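Following: one structure in structure tokens, then a few remarks.
Structural data, given as structure tokens:
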């Protein structure tokens, strides 16, 4: 499993691109340079193209994990040398000689680097590596050695001695460093003072002594005098003048924005008023121009004919599938068709795939039934809302055929026609797919205006005409009313609709005039 | 032992949802295509379970509404008074519906509050279409010109007024609705169907996480 | 041909189902092959979709101005017939959630179908956790407004009108209430990106949003925004099958015309 360097997702070992983010991956067969994206063969530490480091310092380029170093072993590698360069100016050869921290048992002489440090300590002033060019300035008071420092030291030593450290706690390698009494190693007399007298490192020589002077501060070097150009003085004066000015409120800016906003919302409200007037005024005037000049389209005529050809007493399944949003279009359609159906003496079974459709259609159904003297249960039957939109039509038909939901229907042939009122294309599609297709029952539909492009192919398909007639929107309802000779709410609304359409066209025009006019004036004023 | 348990837990957390999704998805697909009794029964069971799960999700939704609006009320954020009104009305409808969804109080609320509100909000659409027409149908590009011309032709052709200018406009409108519009709709529907299938197949084959699991497969 | 129909009939597959099967089956091997190929050769060039490009700019603008971005995943949910569109909206939410977890951009996601609520919350939580700030996740950043579409639109209209929204992303399944929401956004000069698969809503999207994603472009969000190999592979598979369908249509036209 390889991890993507960009997003961290796990990938199969032989992928070259990450599955989550699409970025290229590096493979074990070589390394992709993070800087310049070139792939490098394995085993090299810097990129061939741009020289960026491919491997972090302190790591050997080989894929074999490092083994712990044995004492005295030469572990001389370039990386090692580079890594510890910053530590100190101690000679490289000394490092190469013995890197191991542990000394083998039995060795009594301290390693060379320890010796060197000891010498440095002995010299009594911890000269920093870059030592020569630093002057010793005067020490501040708090750095000076207090006169009773030695006493303090020996007191601390005594206290530590009394505490006593259990010998078992001292690791063996540390024990081994302890000088043996009988060996009689001679240590330089000055070193005695610097040997440890207390604690874990007791008896070990060559350690760093306690130095009162831990650091010698560098004396400050005075800065050179700066002489700026005269232009800089002017700019500085200007800047200070600007800063000292009191803050000005952006009054004019906010005022302009407020008027702009006011203008925009005025335009919006005018648009609303114009549209409202376009709808309301023709109704108030009682205009009947559309009623007189209404022409009827082919699909609505076909629907009318399909219902007109029904024998009296035919059973018609009516499905009202819409919500209150499109009720404005669908209710006049339902009203017009129900009038026609009941005039022909058909028996209506009313069902709905939406709960609101069931409620809304009840009002229309009851009102029309009263007009024609239909009695519920005989002339028409209400099955109400059928649950389960996706399988609704199928369950309706199966319920009618097998479960005996209605006495009017016993067999498929009993259903003479299906009239579907679809507020959205999905309801129409469900009825077509689940009922009209499999059972082949004749079907007509009334749809809302936005669903028309979807429904129209079913009507126009002459090879397999699934819809025998189609009624679209409020206009379709008006056409139907015109055909029936029955003036209803749809026809009465046609004038409003015409004026509203014209108003919208004018608004499009006005919008474009405003847009291009604005661009023109912008160009002129520039 | 603990490490083993942890590895198993991580593996289960990552792969179990995806494995379940793949298995059940495959089962539903087989159920759709083949007519075997046992598979159909199992498929029907899963469909019903899905409905039940979604119904419980509704409870989660109500809890979310409560949390959001209570927080707004407590912190006195903007519009907190309306949050009180919302919660009060929700409580009222819930209490009214306790005897059952068909009792007179709930029916009254639906008939005289909800339906008029829905119808009125939807009627706003007409006004919004007007402002959208004013602001949005600017002739910015060639497509916008085609769009506006088509809109104008259909607007005029749909209403009786359009017949006044002769039969040209209604005939043009019919042609537009029958040919380019239907063709475009069919093309979009085919493309959408392919996209839908692709989405489902991705989950079926384990390429996409079914939301709830962690990470996806990286085959 | 009759032999084949007989076998399928015995298996219980009707003719319509057989056609569906024929369309579905090529997807599986295509997806596998293309996935492997893309892993080896990298992403194929994708045609630029301005909506996705400008979405990045809008998100940046929202981050800098300190305002919120509103994400709507449509009025459908998971388990309905429009699951794929809702998943497309969720993919966009995933991208925006990653961006907002990394930059501190405040995101408000609204859902209409309650089945989307826990999933959207999970997406937001995972994004915060991936950035290493699981405690930054706020469960109230996903709001369930209402199951009813019109009430949902009213809720979103309120958010867009009052909540200092700088960017509005509405990708998923919508019906007519889309215009209600997008008009309020346009009125308040909100940067809007919209996309839906219903052809009758597309005019609304075109007229009132800055950028419209038409039909299946919403399914390309995973490839364009997230760059996932699986999504790019499925786009390529869709292209192959679309070419096959076009050829079938052309051949069918020729056969019908000449016969």
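Residue numbers (the numbering used here), protein chains in the order written: chain V, 3 to 528; chain L, 69 to 287; chain Z, 321 to 579. All residues carry an ideal CB built from backbone N, CA and C; glycine is no exception. Only a predicted model underlies this, so the values are computations on that prediction, with no experimental measurement involved.
Proximity test, Cβ basis, 8 Å: residue 511 of chain V and chain Z: The sequence position of residue 511 of chain V within the first chain is 509, counting from 1. Not closer than 8 Å to any Cβ of chain Z, the Cβ of residue 511 of chain V fails to qualify, so no.
Does DSSP put residue 323 of chain V in a helix, in a strand, or in coil? Sequence index remark: in the first chain, residue 323 of chain V carries index 321 (1-based). Strand at residue 323 of chain V.
Local Cβ density within 10 Å of residue 1 of chain V, reported as buried at 16 or more and exposed below that: Within the shown structure, residues of chain V are numbered from 3 to 528, placing residue 1 of chain V beyond reach of any answer.
Go ahead and pull the three-state DSSP assignment for residue 380 of chain V. Translated into the one-based positions of the first chain, residue 380 of chain V becomes position 378. DSSP places residue 380 of chain V in coil when its eight states are reduced to three.
Presumed contact (8 Å Cβ cut-off) between residue 450 of chain V and residue 328 of chain V, rounded CB distance: In the first chain, the residue the question calls residue 450 of chain V occupies position 448. In the first chain, the residue the question calls residue 328 of chain V occupies position 326. The Cβ separation is near 4 Å, so the contact holds.
Put residue 539 of chain Z into one of helix, strand or coil per three-state DSSP. As a position in the third chain, residue 539 of chain Z is number 219, starting the count at 1. Residue 539 of chain Z: helix per DSSP, three-state reduction.
So, at 7 Å on beta carbons, what are the nonlocal neighbours of residue 216 of chain L in its own chain, with the 5 sequence-adjacent residues on each side left out? Here residue 216 of chain L refers to the residue found at position 148 when the second chain is read from its first residue. Within the same chain, residue 216 of chain L has close Cβ partners 205 and 207.
For residue 399 of chain Z, return the contacting residues in chain L, with the cut-off set at a CB-CB distance below 7 Å. Along the third chain, read from residue 1 onward, the residue named residue 399 of chain Z stands at position 79. 118 and 122, listed in chain order.
Would residue 27 of chain L count as contacting chain V if we go by Cβ distances under 8 Å? Residue numbering for chain L in the displayed model covers 69 to 287; residue 27 of chain L lies beyond these limits and cannot be assessed.
Pull up the DSSP beta-bridge partners for residue 512 of chain Z, would you. For the purposes of this step, residue 512 of chain Z is identified with residue 192 of the third chain, where counting begins at 1. Looking at the DSSP assignment, residue 512 of chain Z forms a beta bridge with Z/488.
What is the DSSP secondary structure of residue 389 of chain V, reduced to helix, strand or coil? Against the first chain, residue 389 of chain V aligns to sequence position 387. It is coil, neither helix nor strand.
For residue 335 of chain Z and chain V, any beta-carbon pair shorter than 8 Å? As a working mapping, residue 335 of chain Z is identified with position 15 in the third chain. It does not: the Cβ of residue 335 of chain Z has no partner Cβ on chain V nearer than 8 Å.
Any Cβ of chain Z within less than 8 Å of the Cβ of residue 301 of chain V? Position 299 of the first chain, counted from the start, is the residue given in the question as residue 301 of chain V. Answer no: the Cβ-Cβ gap between residue 301 of chain V and chain Z never drops below 8 Å.
CB contact check: residue 98 of chain V to chain Z, cutoff 8 Å: Taking the first chain and counting its residues from 1, one reaches residue 98 of chain V at position 96. Low local confidence applies: a pLDDT of 42 at residue 98 of chain V is under 50, so the model's placement there is unreliable, and no value is given.
Quick one, are the C-beta atoms of residue 456 of chain Z and residue 429 of chain Z less than 8 Å apart? For this step, residue 456 of chain Z is matched to residue 136 along the third chain. For this step, residue 429 of chain Z is matched to residue 109 along the third chain. No, Cβ-Cβ distance for residue 456 of chain Z and residue 429 of chain Z is not below 8 Å.
If the cut-off is 7 Å on Cβ atoms, which residues from the stretch 535 to 568 of chain Z count as contacting chain L, listed in chain order? 535, 536, 539, 550, 554, 557, 558, 561, 562 and 565
Whole angstroms is fine: what's the gap from residue 275 of chain Z's alpha carbon to residue 243 of chain V's? The structure shown does not extend to residue 275 of chain Z, since chain Z is modelled only from 321 through 579, so no value can be given for it.
Any beta carbon from chain C within less than 8 Å of residue 345 of chain Z's own beta carbon? Included in the structure are the protein chains V, L and Z, with no chain C among them.
Smallest Cα separation from residue 412 of chain Z: which of Z/522, Z/391 and Z/426? Within the third chain, the letter at position 92 stands for residue 412 of chain Z. Considering only alpha carbons, the answer is Z/391.
Residue from V/348, V/427 and V/467 whose Cα sits closest to the Cα of residue 474 of chain V: Translated into the one-based positions of the first chain, residue 474 of chain V becomes position 472. Of the listed residues, the one whose Cα sits closest to residue 474 of chain V is V/427.
Using three-state DSSP, classify residue 330 of chain V as helix, strand or coil. Start at 1 with the first residue of the first chain, and residue 330 of chain V comes out as number 328. If DSSP states are grouped into helix, strand and coil, residue 330 of chain V belongs with the helices.
Beta-ladder partner(s) of residue 430 of chain Z, from DSSP: In the third chain, counting from the first residue as 1, residue 430 of chain Z sits at position 110. BP columns for residue 430 of chain Z point to Z/392 and Z/463.
Comparing C-alpha positions only, which one of V/514, V/339 and V/374 sits nearest to residue 472 of chain V? For the purposes of this step, residue 472 of chain V is taken as the residue at position 470 of the first chain. When only C-alpha atoms are compared, the closest one is V/339.
Helix, strand or coil for residue 533 of chain Z per DSSP? For the purposes of this step, residue 533 of chain Z is taken as residue 213 along the third chain, with counting starting at 1. Reduced to three states, the DSSP call for residue 533 of chain Z is strand.
Within the stretch 194 to 279 of chain L, note down every full alpha helix (DSSP H) run reaching 4 residues or more, in order along the chain. 210 to 226, 236 to 244 and 250 to 272
My understanding is that residue 410 of chain Z touches residue 443 of chain Z, with C-beta atoms under 8 Å, so please give their C-beta distance in whole angstroms. Residue numbering aside, residue 410 of chain Z sits at position 90 when the third chain is read from its first letter. Residue numbering aside, residue 443 of chain Z sits at position 123 when the third chain is read from its first letter. Going by Cβ atoms, the distance from residue 410 of chain Z to residue 443 of chain Z rounds to 6 Å, so yes, they are a contact pair.
Residues, ordered as in the chain, of the stretch 324 to 340 of chain V that lie near chain Z by beta-carbon distance below 7 Å: 327
Would you kindly report the start and end of the unbroken alpha helix (DSSP H) that includes residue 472 of chain V? Along the first chain, one-based indexing puts residue 472 of chain V at 470. Where residue 472 of chain V is concerned, there is no enclosing alpha helix (DSSP H), although the beta strand (DSSP E) it sits in stretches over 472 to 474.
Looking at chain L, is there any beta carbon in it that lies within less than 8 Å of the beta carbon of residue 295 of chain V? Counted from its first residue, the first chain places residue 295 of chain V at position 293. Taking Cβ atoms only, chain L reaches closer than 8 Å to residue 295 of chain V, which makes this a yes.
Could you check which residue in L/165, L/125, L/222 and L/164 has the C-alpha nearest to that of residue 440 of chain Z? The residue given as residue 440 of chain Z occupies position 120 in the third chain. Nearest option by C-alpha distance: L/125.
Helix, strand or coil, according to DSSP, for residue 80 of chain L in the structure here? Working through the second chain from its first residue, we reach residue 80 of chain L at position 12. Looking at residue 80 of chain L - three-state DSSP - the assignment turns out to be helix.
How is the alpha helix (DSSP H) around residue 464 of chain V delimited, first residue to last? Within the first chain, residue 464 of chain V is the residue found at index 462, counting from 1. It is not in any alpha helix (DSSP H) - residue 464 of chain V carries neither H nor E in the DSSP assignment.
Quick one: is residue 373 of chain Z near chain V, going by C-beta distance under 8 Å? Stepping through the third chain from its first residue, residue 373 of chain Z is reached at position 53. No, residue 373 of chain Z lies away from the interface with chain V (no Cβ there is under 8 Å from its Cβ).
Quick one: is residue 274 of chain V near chain L, going by C-beta distance under 8 Å? Along the first chain, one-based indexing puts residue 274 of chain V at 272. It does: the Cβ of residue 274 of chain V has a partner Cβ on chain L nearer than 8 Å.
Could you check what DSSP says for residue 420 of chain Z in three-state terms: helix, strand or coil? Start at 1 with the first residue of the third chain, and residue 420 of chain Z comes out as number 100. DSSP places residue 420 of chain Z in helix when its eight states are reduced to three.
Of the choices V/343, V/459 and V/481, whose alpha-carbon is the least far from that of residue 375 of chain V? Here residue 375 of chain V refers to the residue found at position 373 of the first chain. For the residues V/343, V/459 and V/481, the minimum Cα distance to residue 375 of chain V belongs to V/343.
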